[in-house]
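One structure below.
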Amino acid sequence: MAALGSPDRVLMYLVKSALRAFFYFKSSDWVRTRALVTGHTVSDPCLGAPDLKLFYKYDSSEGPAKGSDLIPFQSRPHAKYYAESFPHNLPRIIRVNPKNPQETHFFERDQ
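In the numbering used here, the protein residues as written are 89 to 199.
Structure below.
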């Protein structure tokens, strides 16, 4: 178990991943739009799994907007490595809720 991390880290990673999978299917019919990555942060909580928070800007039906999304990881080094693969102002595809343009999600499978 030591290779995978502490039990709380593994459990929280599984919970966060399941929640993210739920949002993946829930947002499957949302509008896809281009967004520019503007930054990122990697959290390292005392308990639980680390997250990458990806920040981006995009044009919504209400005009220019900013958004972010959380991506769970099992370890901080993996999150940092993935975060560094997003150069600033690189266009990416995000999902935007047509009923609430402030609700967005980023998924690697949409790229």
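In this text, a Cβ means the ideal position worked out from N, Cα and C, and glycines have one as well.
Helix, strand or coil for L107? Go by DSSP, reduced to three states.
helix
Where do the N-terminal and C-terminal ends of the beta strand (DSSP E) with P54 fall, by residue?
The chain is shown only over 89 to 199; residue 54 falls outside these bounds and no answer can be derived.
Tell me where the beta strand (DSSP E) around K141 begins and ends.
D139 to S148
Contact check, F143 vs S156 under 8 Å by CB: the rounded distance?
5 Å
Looking only at C-alpha atoms, which of F113, G127, D147 and R97 sits nearest to K197?
The residue asked about is misnamed: residue 197 is Arg in this sequence, not Lys. Nearest C-alpha to R197: F113.
DSSP-derived helix/strand/coil call for E196:
helix
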